[in-house]
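When we follow my numbering, the leftmost residue of the sequence shown carries the number 789, and every step to the right adds one.
Contents: one structure, followed by commentary.
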Amino acid sequence: MLAKLRTPEFSVEPSTSAGLEYVDLVRGDADALVYTWENPWDHAAGLLLLAEAGGVAANLDGSPFALSGGNALPLIAAANEELTADLAKRLTT
789 MLAKLRTPEF SVEPSTSAGL EYVDLVRGDA DALVYTWENP WDHAAGLLLL AEAGGVAANL
849 DGSPFALSGG NALPLIAAAN EELTADLAKR LTT
């Protein structure tokens, strides 16, 4: 599924530290993040930081990420709602 994002428009890189990647997103060093796992310790603080900064995160089906699990992955976190929706559309078509 993530191979659909391998286009000249996107830089697809493996995750090294979700916590630091959320900081990069909030600082504007990244436009979006896509994660295929749901460990709450990898996402809780970053999602809070993103929300406080006005960013948007949603599961592929548009539902909010649940720290308790059972999410419709991948999780898409982006600088704005339009980019989150665009990535979800690209991943499902």
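Backbone N, C-alpha and C fix where the C-beta goes; we use that ideal spot for every residue, glycine too.
Within the DSSP secondary-structure output, V800 pairs in no beta bridge.
With a contact defined as Cβ atoms closer than 8 Å, L793 and A865 miss out at about 14 Å. Taken atom to atom, the span from the alpha-carbon of L790 to that of L879 is near 7 Å. Assignment of A791 by DSSP, reduced to helix, strand and coil, places it in the helix class. A distance of 8 Å or more separates the beta carbons of A833 and L855.
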